[in-house]
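Working notes, beginning with the structure itself.
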Amino acid sequence: MKKPVGAEKKRVKRSSGSASTSVRDSGSDAQPRKQAVKKDSFQLFAEKVRDHKGLESRWAVMEQARVEYFRGKDFVSFMKKNPEFKEILEEDKDLDTDDIANVLLGKNLLVRCDRVTKTLRPGKKKLSTWPAHLEIFRDDQSFSENDAFFAWTFEKRHPLWQTLLSFFWPVLTLAICLFPVYPHRCKLIVLYSCAGILLMILSLLFVRAVAFGAMWILLGKRVWFFPNILAEEATLKELFRFWPKKDEEEPPKWTSRLFYTVVAIVVVMLLRRHAPDEAARARYQRRMSNIIDDVLEWSPKLALSGLMENQQPVNITDAANNSSDSAGSDQTEEVDLDETQGEDLDETQGEEEAEGWTDSDLKT
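Read in order, the letters of the sequence shown are residues 1 to 364 in UniProt numbering.
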């Protein structure tokens, strides 16, 4: 029996309509999902700017927490030198630098801070450029270039090498603990490598301090070569930068330079006067070499052999013989001591008699 044609057309229309409604529903569901997956452009902008080395930043303590912060004028100069970062903002790329910073403050990606110490320290002509302690600026959370500091509020992404380094530290700790069981050649390599690195670091710091002292006394200039060698937060390139920064402080007075010159001369003279002689240096070197030899020559075999010797059974007859031998040796030592004491007394009496004869001869 054939079905009517009109019923088939209605069924086709209904099926096409249901398919279109399902496509619409799926499209409407996909749009919020894409929006949820898509990261905020200002969040991405903040992460890119923070990871870039062109924006100078420092670490400080703010409300018992360490934060990374930058200055407002540095942010303005950074955006002038790197305008391509505005392309990350897509629709908001035409905003000014102040507006971008205010949006970051409104999204709590930044917080405006202020220095805790607002008074000059004794002997200083101006406040610190990068303060070590900050507090939240309570008056107005808006962007400003004039002596304004801004701290990042989100956690920084850790690069891959830091993640690998976090797994490497436990392995290094275990290797340091197992140093006594290393082969002798490996011990020598580790010892001389560590001693060489330590000597290089100390020599660098000593030469750096001598150069600073000489230029400060002779020229009145504060010149620190390798200025970031002792910095807590610095990249590898900044850590080994050789040329010093420009001295922004006032030159020292000639009286202070003369005083420290006299102090340096006195210290050098005292060191030369009280320097150890050759015998003392030889004793110290022998003592240190003995300590190093004890560390290098130790091995688990020696430790196990020492434990086995301590655990050996003691024979009663051997113990009795040893005790009798020790008693006999003590008696012989006492006899020897008596004989030596008698000889010393005879010698002293002979010397006194000789002195008495000489005195009587002189009187006669």
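Glycine included, every Cβ here is placed at the ideal spot set by N, Cα and C.
In this text the structure is predicted, and so the values were computed from the model without any measurement.
*Would you say phenylalanine 70 and glutamate 56 are within 8 angstroms of each other, going by their C-beta atoms?*
Within the sequence shown, residue 70 is the residue found at index 70, counting from 1. Within the sequence shown, residue 56 is the residue found at index 56, counting from 1. Yes, Cβ-Cβ distance for phenylalanine 70 and glutamate 56 is below 8 angstroms.
*Same chain, Cβ closer than 8 angstroms to asparagine 102, neighbours up to 5 away in sequence not counted*: Counting from one through the sequence shown, the residue named residue 102 turns up at place 102. Result list for asparagine 102: Ser142 and Phe143, in chain order.
*For alanine 279, does the three-state DSSP call read helix, strand or coil?*
The count along the sequence shown starts at 1 and reaches residue 279 at position 279. It is helical.
*Please check the pair valine 61 and histidine 158, which I expect to be a contact at CB under 8 angstroms, by giving their CB distance rounded to whole angstroms.*
For the purposes of this step, residue 61 is identified with residue 61 of the sequence shown, where counting begins at 1. For the purposes of this step, residue 158 is identified with residue 158 of the sequence shown, where counting begins at 1. Going by Cβ atoms, the distance from valine 61 to histidine 158 rounds to 21 angstroms, so no, they are not a contact pair.
*Assuming leucine 105 contacts arginine 115 (C-beta within less than 8 angstroms), just tell me the rounded distance between them.*
As a first step, residue 105 must be located in the sequence shown, where it is residue number 105. As a first step, residue 115 must be located in the sequence shown, where it is residue number 115. The pair is not a contact, with the Cβ atoms about 18 angstroms apart (cut-off 8 angstroms).
*Taking 8 angstroms as the threshold, find out whether the segment 78-94 comes into contact with the segment 155-172 through three or more Cβ pairs.*
Segments in contact, no.
_Option nearest glutamate 63 by Cα separation, candidates Val268, Ile136, Ser256 and Ile229_ = Within the sequence shown, the letter at position 63 stands for residue 63. The shortest C-alpha separation from glutamate 63 is found at Ile136.
*Give every residue of the same chain whose Cβ lies closer than 7 angstroms to the Cβ of proline 244, excluding the five residues on either side of it in the sequence, and list them in chain order.*
Looking up residue 244 in the sequence shown gives position 244. If we look at proline 244 and ignore the five residues flanking it on each side, its Cβ neighbours are Val223, Trp224, Phe225 and Pro227.
_Backbone secondary structure at tryptophan 216 - three-state DSSP_ = As a working note, residue 216 is residue 216 in the sequence shown. In the three-state scheme derived from DSSP, where H, G and I count as helix and E and B as strand, tryptophan 216 is classed as helix.
_Residue burial classification, leucine 271 (beta-carbon count within 10 angstroms, cutoff 16)_ = One-based indexing of the sequence shown puts residue 271 at position 271. By the neighbour-count rule (16 or more Cβ atoms within 10 Å), leucine 271 is not buried but exposed.
*First and last residue of the uninterrupted beta strand (DSSP E) at tyrosine 69*: Numbered from its first residue, the sequence shown carries residue 69 at position 69. Tyrosine 69: member of the beta strand (DSSP E) spanning 66-71, first to last residue.
*Close-in-space but distant-in-sequence residues of the same chain around lysine 86 (CB under 6 angstroms, 5 per side omitted)*: Taking the first residue of the sequence shown as position 1, residue 86 is located at position 86. Cβ within range, chain order: Lys93.
*Can you give the Cα-Cα distance for arginine 121 and alanine 209, rounded to whole angstroms?*
Within the sequence shown, numbered from 1, the residue matching residue 121 stands at position 121. Within the sequence shown, numbered from 1, the residue matching residue 209 stands at position 209. Their Cα atoms are separated by approximately 24 angstroms.
*Return helix, strand or coil for arginine 138, following the three-state DSSP convention.*
Against the sequence shown, residue 138 aligns to sequence position 138. In this structure, DSSP gives arginine 138 a state outside helix and strand, which the three-state scheme calls coil.
_Helix, strand or coil for histidine 133? Go by DSSP, reduced to three states._
The residue given as residue 133 occupies position 133 in the sequence shown. Histidine 133 falls in the strand class under three-state DSSP.
_On a Cα-Cα basis, can you pick out the residue from Phe45, Arg58 and Asp293 that is closest to asparagine 184?_
Taking the sequence shown and counting its residues from 1, one reaches residue 184 at position 184. Sequence check: residue 184 is histidine here, not asparagine. Selected option, being the one with the closest Cα: Asp293.
*Should isoleucine 217 and threonine 261 be called a contact, given that it needs their Cβ atoms to be closer than 8 angstroms?*
The residue given as residue 217 occupies position 217 in the sequence shown. The residue given as residue 261 occupies position 261 in the sequence shown. Yes, the Cβ-Cβ distance between isoleucine 217 and threonine 261 is below 8 angstroms.
*asked:* Let's see if you can read the secondary structure: which residues bound the beta strand (DSSP E) around alanine 151?
replied: Along the sequence shown, one-based indexing puts residue 151 at 151. Alanine 151: member of the beta strand (DSSP E) spanning 149-152, first to last residue.
*Keeping to the same chain, check which residues put their C-beta closer than 8 angstroms to that of leucine 204; ignore five residues upstream and five downstream.*
Stepping through the sequence shown from its first residue, residue 204 is reached at position 204. Excluding sequence neighbours, leucine 204 sits near Phe226 and Ile229.
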